[in-house]
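A.B. asks:
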Amino acid sequence: SLLSIKKKTVWSPVTNIFHGLAQEKPSQKHLLRTTKIIMSFQYPSLLSPIMEYPFTFVQFISATAVAFIAGYFLAKATVEKTSSENSISGYPIINRSASEHKMVLVVRTDLGMTKGKAAAQCAHAALANFKVMQKTNPEMLSEWEETGHAKITLKCDSEDQMLALRNQARTMGLCAMSIQDAGRTQIAAGSRTVLAIGPGPVKIINDITGHLKLY
Numbered sequence: 005s006l007l008s009i010k011k012k013t014v015w016s017p018v019t020n021i022f023h024g025l026a027q028e029k030p031s032q033k034h035l036l037r038t039t040k041i042i043m044s045f046q047y048p049s050l051l052s053p054i055m056e057y058p059f060t061f062v063q064f065i066s067a068t069a070v071a072f073i074a075g076y077f078l079a080k081a082t083v084e085k086t087s088s089e090n091s092i093s094g095y096p097i098i099n100r101s102a103s104e105h106k107m108v109l110v111v112r113t114d115l116g117m118t119k120g121k122a123a124a125q126c127a128h129a130a131l132a133n134f135k136v137m138q139k140t141n142p143e144m145l146s147e148w149e150e151t152g153h154a155k156i157t158l159k160c161d162s163e164d165q166m167l168a169l170r171n172q173a174r175t176m177g178l179c180a181m182s183i184q185d186a187g188r189t190q191i192a193a194g195s196r197t198v199l200a201i202g203p204g205p206v207k208i209i210n211d212i213t214g215h216l217k218l219y
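The sequence shown begins at 5 in our numbering and counts up by one.
Here's what the structure looks like:
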């Protein structure tokens, strides 16, 4: 019919434009051709089929509005899901309004451990405390994660000093776990190498370990 011919004549260039631009990398030739088509449009003739059929025009506007609203809420849901996934996968959003928490790792210097050995023992100690607090105090663990999960490495010079720090921390209600080495490499089996305290409120931990020097 005359109407279908008229619609095809008007809308075919527009369809071709969007089909080409939908490609991942439209060619320079297509972009140049698109520009020429847009510049050659006779806009009154382009809009005349729409204006001659107001019911179709209303449907077009309604569909556009629905698509816009759906896109807005879909994008918002995607952002919220990404934030949630980041938090679960170990990349929490930092909440500076929460009270500051930290964990300290106290390394014995009298054992003569290499830096690599000490680093491995610190990892064991931090993981041990994390697992315990997942069961005993998940709320405080979350506070620590939300404020940047700070970890400070300190040093002590004897097992007696390490045990005294552990007992004091436990008296204050903090998680405190010491690691005993298996003795396969550098040091004697059963030697206490690293003490992890916390995570817990910065002020309380400082009252226990504030006199120690950085490792």
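Glycine included, each C-beta is placed from N, C-alpha and C at the ideal position.
(1) Using 10 angstroms around the beta-carbon of T197, count the other beta-carbons present and answer buried if the total reaches 16, otherwise exposed.
(2) Using the Cα positions of D211 and P205, report the straight-line distance between them to the nearest angstrom.
(3) When the Cα of K135 is compared with those of Y219, I209, G202, which residue comes out closest?
(4) What did DSSP end up calling M144 once you bin it into helix, strand or coil?
(5) Using only CA atoms, which one of Q125, A132, R112 lies nearest to C160?
(6) In the DSSP assignment, the alpha helix (DSSP H) including T157 goes from what residue to what residue?
(7) Starting from the C-beta of E89, find all residues in its chain whose C-beta is less than 8 Å away, skip the five residues before and the five after it, and write them out in chain order.
(8) Give every residue of the same chain whose Cβ lies closer than 7 Å to the Cβ of A173, excluding the five residues on either side of it in the sequence, and list them in chain order.
(9) With 16 other CB atoms within 10 Å as the buried threshold, where does D185 fall?
(10) Check whether the Cβ atoms of L115 and L158 sit closer than 8 Å, and answer yes or no.
(11) For a test of your reading of the model: does the CB of Q184 fall under 7 Å from any non-hydrogen atom of the ligand ZN? Yes or no.
(12) Run the CB neighbour count on H105, radius 10 Å, all protein chains shown included, and call it buried at 16 or more, exposed below.
C.D. replies: To lay it out plainly:
(1) So T197 ends up on the buried side.
(2) So the alpha carbons of these two residues sit roughly 10 Å apart.
(3) G202
(4) helix
(5) Selected option, being the one with the closest Cα: R112.
(6) From DSSP, T157 is part of no alpha helix (DSSP H) but of the beta strand (DSSP E) over 154-160.
(7) Here the model assigns E89 a pLDDT of 42, short of 50, so the residue's position is not dependable and the matter cannot be decided.
(8) A180, I201, I212
(9) Flag for D185 reads buried.
(10) no
(11) The ligand ZN is not part of this structure, which contains no ligands at all.
(12) Classification for H105: buried.
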